[in-house]
Amino acid sequence: MHKPSFLSILLSFALICAVASCSGTEAPLDAETRQTIDSLSGVGMRNVKAELDSMCVLERERGLPRLVDSFRVLRTREIERQLKTIPK
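Residue numbers (the numbering used here): 22 to 109.
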């Protein structure tokens, strides 16, 4: 069974909050509520940044060898084509 990632949970939460905020309350937020929101969003942003950074590292580790191999194959083909043009 697929386990949802932290990023998908965070995005779902953000979507629910956005939809819920459409109703609009007339009362302004107090300082404690604003502080709590700031703290939670800061923690969430740090977590998302850490997850995205690790995803970038994984993609680089997986993608770089594949890219190098494709360059090697292209260069080998180019050399083989050039060798065929050399008179014997």
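Glycine included, C-beta positions come from ideal geometry on N, C-alpha and C.
Host alpha helix (DSSP H) of residue i (start-end)
i, result
"ALA48", "Premise fails: ALA48 is in no alpha helix (DSSP H) and is neither H nor E."
Beta-carbon contacts of residue i that lie in its chain and below 7 Å, excluding the five residues immediately before and after
i, result
"VAL69", "LEU28, LEU31"
Cut-off 8 Å between Cβ atoms - residues of its own chain near residue i, not counting five sequence neighbours on either side
i, result
"GLY131", "Nothing can be reported for residue 131, as the shown portion of the chain is limited to 22 through 109."
"GLN103", "none"
"ASP51", "none"
Three-state class that DSSP yields for residue i in the structure shown
i, result
"SER91", "helix"
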